[in-house]
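Read through the structure below, which is laid out as structure tokens, and then see the notes.
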Amino acid sequence: MSLAQDRCEACRADAPKISEAELAELMQQIPNWNIEVRGDHMELERVFAFKNFRYALAFTNAVGAIAEEVNHHPALLTEWGKVTVTWWSHELRGLHRNDLIMAARTDQLAAQAEGLKQPK
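For the sequence shown, position 98 matches number 197 in the working numbering, and the numbering has no gaps at all.
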């Protein structure tokens, strides 16, 4: 089963963060995402380029819709021609498997998105 088809689980503040071994294995399924260390925790981040603001905003709304479905929300920065999506588990102050699942689902949305510029 692909990461995007995995089920997000309810995540409490005391849930375990993803292990380094599992993170390394699962990152292979979302190779365009970067691990960013901010303060004392890791986050997953990717910038998506679009032909204009209208397409970027439509993508932002689509990411927001899938986030609402599972009650797990990213940071979204929408600018002219690009959207930066950042996933992490706020309560855990780090990464949970859910973050990688949602990154994979975000990639699926991008594959279907209108106006997305292909990386060079």
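All residues carry an ideal CB built from backbone N, CA and C; glycine is no exception.
Can you tell me whether His189 is buried or exposed? The criterion is at least 16 other CB atoms within 10 Å of its CB, across all chains shown.
Residue 189 sits at position 90 when you count from the first residue of the sequence shown. Label assigned to His189: exposed.
Looking only at its chain, what residues have a beta carbon closer than 6 Å to the beta carbon of Asn133, apart from the 5 residues adjacent to it on each side?
As a working note, residue 133 is residue 34 in the sequence shown. Glu144, listed in sequence order.
In the DSSP assignment, find the unbroken alpha helix (DSSP H) run with Arg153 in it and report its ends.
Numbered from its first residue, the sequence shown carries residue 153 at position 54. Here the alpha helix (DSSP H) through Arg153 covers 152 to 169.
Go ahead and pull the three-state DSSP assignment for Ala123.
Here residue 123 is taken as the residue at index 24 of the sequence shown, counted from 1. Note: Ala123 maps to helix in three-state DSSP.
Bounding residues of the beta strand (DSSP E) (the contiguous stretch that carries Arg137)
Start at 1 with the first residue of the sequence shown, and residue 137 comes out as number 38. First-last of the beta strand (DSSP E) with Arg137: 133 to 137.
State the start and end residues of the unbroken beta strand (DSSP E) segment that holds Arg145.
Within the sequence shown, residue 145 is the residue found at index 46, counting from 1. Residues 140 to 148.
Checking the sheet assignment: what are the DSSP bridge partners for Gly193?
As a position in the sequence shown, residue 193 is number 94, starting the count at 1. DSSP, once it has assigned bridges, lists Ser188 as partnering Gly193.
Inspect the beta-carbon positions of Ala155 and Thr177 and report whether they are closer than 8 Å.
One-based indexing of the sequence shown puts residue 155 at position 56. One-based indexing of the sequence shown puts residue 177 at position 78. Taking 8 Å as the Cβ cut-off, Ala155 and Thr177 qualify as a contacting pair.
Quick one: is Glu135 buried, meaning 16 or more other Cβ sit within 10 Å of its Cβ, or exposed?
Residue numbering aside, residue 135 sits at position 36 when the sequence shown is read from its first letter. Classification of Glu135: exposed, given that the 10 Å Cβ count is below 16.
Tell me, which residues are paired with Glu178 by DSSP?
Start at 1 with the first residue of the sequence shown, and residue 178 comes out as number 79. Answer is Lys181, bridged to Glu178.
Burial state of Ala164, where buried means 16 or more other Cβ atoms lie within 10 Å:
Here residue 164 is taken as the residue at index 65 of the sequence shown, counted from 1. Exposed, by the Cβ-count rule.
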